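**Q**
There are 2 protein chains.
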Amino acid sequence: MTSSIPAVRDEASARLRAAGLKVTEPRLAVLDAFTPGEHLGADEVFRRVSRSLPTTSPQAIYGVLGALSGAGLLRRIEPAGSPALYESRIGDNHHHLVCSSCGKVTDVDCVVGEPPCLAPSATNGFVLHTAEVTFWGLCPECQPAG
Amino acid sequence: MTSSIPAVRDEASARLRAAGLKVTEPRLAVLDAFTPGEHLGADEVFRRVSRSLPTTSPQAIYGVLGALSGAGLLRRIEPAGSPALYESRIGDNHHHLVCSSCGKVTDVDCVVGEPPCLAPSATNGFVLHTAEVTFWGLCPECQPAG
DNA sequence: CTCGGTGTTTTGAGTTATTCAAAACAACTC
DNA sequence: GAGTTGTTTTGAATAACTCAAAACACCGAG
Numbered sequence: 119m120t121s122s123i124p125a126v127r128d129e130a131s132a133r134l135r136a137a138g139l140k141v142t143e144p145r146l147a148v149l150d151a152f153t154p155g156e157h158l159g160a161d162e163v164f165r166r167v168s169r170s171l172p173t174t175s176p177q178a179i180y181g182v183l184g185a186l187s188g189a190g191l192l193r194r195i196e197p198a199g200s201p202a203l204y205e206s207r208i209g210d211n212h213h214h215l216v217c218s219s220c221g222k223v224t225d226v227d228c229v230v231g232e233p234p235c236l237a238p239s240a241t242n243g244f245v246l247h248t249a250e251v252t253f254w255g256l257c258p259e260c261q262p263a264g
Numbered sequence: 119m120t121s122s123i124p125a126v127r128d129e130a131s132a133r134l135r136a137a138g139l140k141v142t143e144p145r146l147a148v149l150d151a152f153t154p155g156e157h158l159g160a161d162e163v164f165r166r167v168s169r170s171l172p173t174t175s176p177q178a179i180y181g182v183l184g185a186l187s188g189a190g191l192l193r194r195i196e197p198a199g200s201p202a203l204y205e206s207r208i209g210d211n212h213h214h215l216v217c218s219s220c221g222k223v224t225d226v227d228c229v230v231g232e233p234p235c236l237a238p239s240a241t242n243g244f245v246l247h248t249a250e251v252t253f254w255g256l257c258p259e260c261q262p263a264g
């Protein structure tokens, strides 16, 4: 019952409506499944949503996640070798740190200095809209193991 | 027969040996399939290798690509929404520009200024080894269409 | 408050990219 | 030239999605 108090549901409903999406139980439940800083795969979202909405199907989760990330209410990332992950931190174009051993993902704010990573040395005629930065390394837990 | 002249095969053999890998026809054929600047998926590599080595199986291609990228003779990238791609440009940690419409990939040298993207604002206890930058945009061909 | 249209979700099946395992085979070593 | 070990073949299985049709529910109009 962490965040199922009416206020957050109302707020979530308003955000869905503002995005032009209908307000439905599965969508509210998916939004509710995310805690700040978490990066969840479709399977984990399904698991969590199932607790409050046992009749939900995995396909519904895929649909909801697609709709929410399409509407900008969720951000989708896809680190190499991992299934797609979703997070609730949106709006800023923050970066990610991924553990190459266990796959753990954490957020990092934009790199030092300006947002330099938005300017490649040559655009080859492309019109850019996003720069995505992923840092790879070993998380504290995986460091002893190498 | 573009690059099947003995010299390049000898060079490729030497690189395989230096990496501690046995020299085999499928491996030479895979290395030979890459032209500088190309980013090929396993299916395309299989198609090309099949021309000179018709008995090769797709699974062999997966095995070879895994061995070669593991040994650092090929670099593997995995843009979101795309199957894994491989390229022969290695050693420098260059970046990529991906067309969000057609998926076309081109190389870009490191961003303006220093290699700033190697320093996130906080490492959260991670020990970093790579920074991966992907720029998303529309390639010249896809720009009219939006 | 009820009805209807349209957007969602369910149900069920199919696809793509990839991995696993065992047996046949081929490089390199001695 | 024979053996050992790493590769490739053959065959099957898996994970993560996507597609399509039918059942359903949200919400604006009346």
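Those protein sequence lines, which keep their order, are chains A and B.
Using our numbering, read the first sequence as starting at 119 and increasing by one per residue.
Using our numbering, read the second sequence as starting at 119 and increasing by one per residue.
Note that CB positions come from ideal geometry on N, CA and C, so glycine has one too.
All values reported here derive from a predicted model rather than from experimental measurement.
(1) Taking Cβ positions, are B/L215 and A/F152 nearer each other than 8 Å?
(2) Got a sec: is the Cβ-Cβ distance from B/G221 to anything in chain A below 8 Å?
(3) Classify A/H157 as buried or exposed, calling it buried when 16 or more other Cβ atoms lie within 10 Å of its own Cβ.
(4) To the nearest angstrom, how far is it from the Cα of B/W254 to the Cα of A/E205?
(5) Using the beta-carbon count (16 or more within 10 Å), is B/E143 buried or exposed?
(6) Could you check whether the Cβ of B/P258 sits closer than 8 Å to any Cβ belonging to chain A?
(7) Quick one: measure Cβ to Cβ for B/C220 and B/E259, integer angstroms, because I've assumed they're closer than 8 Å.
(8) Applying the criterion that 16 or more other CB atoms from any shown protein chain within 10 Å of the CB defines a buried residue, is A/R135 buried or exposed?
(9) Hey, would you say B/T248 sits closer than 8 Å to A/E250, going by beta carbons?
(10) How would you write the range of the beta strand (DSSP E) that B/V245 sits in, first residue to last?
(11) Decide if A/R94 is buried, meaning its Cβ has at least 16 other Cβ atoms within 10 Å, or exposed.
(12) Along chain B, in chain order, which residues have C-beta atoms closer than 9 Å to that of A/N242?
(13) With 8 Å as the threshold, decide whether the Cβ of A/L183 is near any Cβ in chain B.
**A** According to the structure data:
(1) As a first step, residue 215 of chain B must be located in the second sequence, where it is residue number 97. As a first step, residue 152 of chain A must be located in the first sequence, where it is residue number 34. Cβ atoms of B/L215 and A/F152: not closer than 8 Å.
(2) Counting from one through the second sequence, the residue named residue 221 of chain B turns up at place 103. Output row for B/G221: interface = no.
(3) Looking up residue 157 of chain A in the first sequence gives position 39. With 16 or more Cβ atoms within 10 Å of its Cβ, A/H157 is classed as buried.
(4) Locating residue 254 of chain B in the second sequence gives position 136, counting from the first residue. Locating residue 205 of chain A in the first sequence gives position 87, counting from the first residue. Each residue's Cα considered, the two are about 19 Å apart.
(5) Residue numbering aside, residue 143 of chain B sits at position 25 when the second sequence is read from its first letter. Exposed, by the Cβ-count rule.
(6) Here residue 258 of chain B corresponds to residue number 140 of the second sequence, with the count starting at 1. Output row for B/P258: interface = yes.
(7) As a first step, residue 220 of chain B must be located in the second sequence, where it is residue number 102. As a first step, residue 259 of chain B must be located in the second sequence, where it is residue number 141. Between B/E259 and B/C220 the Cβ distance is about 7 Å, and since that is below 8 Å, they are a contact.
(8) As a first step, residue 135 of chain A is located in the first sequence; it is residue number 17 there, counting from the start. Exposed, since its Cβ has fewer than 16 Cβ neighbours within 10 Å.
(9) Here residue 248 of chain B refers to the residue found at position 130 of the second sequence. Here residue 250 of chain A refers to the residue found at position 132 of the first sequence. Going by C-beta atoms, B/T248 is not nearer than 8 Å to A/E250.
(10) As a working note, residue 245 of chain B is residue 127 in the second sequence. Run containing B/V245: V245 to L256, per the beta strand (DSSP E) assignment.
(11) Given that chain A is displayed from residue 119 to residue 264, the structure contains no residue 94 of chain A and the question cannot be resolved.
(12) Your numbering for residue 242 of chain A matches position 124 in the first sequence. Per Cβ cutoff of 9 Å: L215, T224, D225, V226, C257 and P258.
(13) Taking the first sequence and counting its residues from 1, one reaches residue 183 of chain A at position 65. Closer than 8 Å: no.
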